[in-house]
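For any residue, its number in my numbering is found by taking its place in the sequence shown, counting from 1, and adding 53.
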Amino acid sequence: MNDRLLSHRPAQADDLDTVVGFVHDADELFFAFPRAHWPLTRQQLAEACASRQGSTVVLLDRRLAGFANFYQCQPGEFCALGNLMIAPWARGQGVAQHLVGVMERLAARDFQARELHVSCFNQNAAGLLLYARLGYQLSGLVERQRGNGERVALVQFSKRLGS
């Protein structure tokens, strides 16, 4: 990676208007937030943040570039990563890799999680390749349906945290 500055912090209410702009079509929204309805609204994202833990943003050169949270946490056992979204202008610059690493550390530190679970739809090649590159192991494959009835595969991965 080049010398661009990556940092992170807890998400704030003021961030949500920017984050909803990270998804540009219904497919991207389905990958990041399958229960949401296109177009993503601030209200939908705010409701997700209120019912989830660890909502976090990544900044690239002090500009909001990524967002994620945990949709499920079982303290001492695992956390499940959700709502991973990267700004279109920041894709391919290490933001997703950095954000997943931040969320791994957050799960271990704040929830004493021994594993991080992630899920990725079969049509999301970039996500599948990211998780494989980061050492996630295949743990399951389940059938899901899109709003239009289309059958899709949800590929489930997990990674042991710490040593």
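All residues carry an ideal CB built from backbone N, CA and C; glycine is no exception. Just so we're clear, the structure is a prediction, and the values are computed from it rather than from any experiment.
- Between Val153 and His61, the CB-CB gap reaches or exceeds 8 Å.
- In this structure, Leu82 lies near Leu93, with their beta-carbon atoms less than 8 Å apart.
- Straight across, the Cα-Cα distance linking Ala64 with Glu196 is about 31 Å.
- A distance below 7 Å between beta-carbons, with the five flanking residues on each side excluded, links Asn136 to the following residues of its chain, in chain order: Ala85, Phe86, Ala101, Phe120, Ala121, Asn122.
- Contact between the segment 161-171 and the segment 139-149 is not established, with fewer than three Cβ pairs separated by less than 8 Å.
- Around the beta-carbon of Gly193, fewer than 16 other beta-carbon atoms lie within 10 Å, marking it exposed.
- Considered as a whole, the segment 121-166 harbours 131-139 as its complete beta strand (DSSP E) runs of no fewer than 3 residues, in chain order.
- Looking at the backbone, the Cα of Gln176 and that of Pro128 are separated by about 31 Å.
- As the crow flies, the alpha-carbon of Val208 is around 6 Å from that of Phe174.
- It is roughly 13 Å from the alpha-carbon of Ser211 to the alpha-carbon of Ala160.
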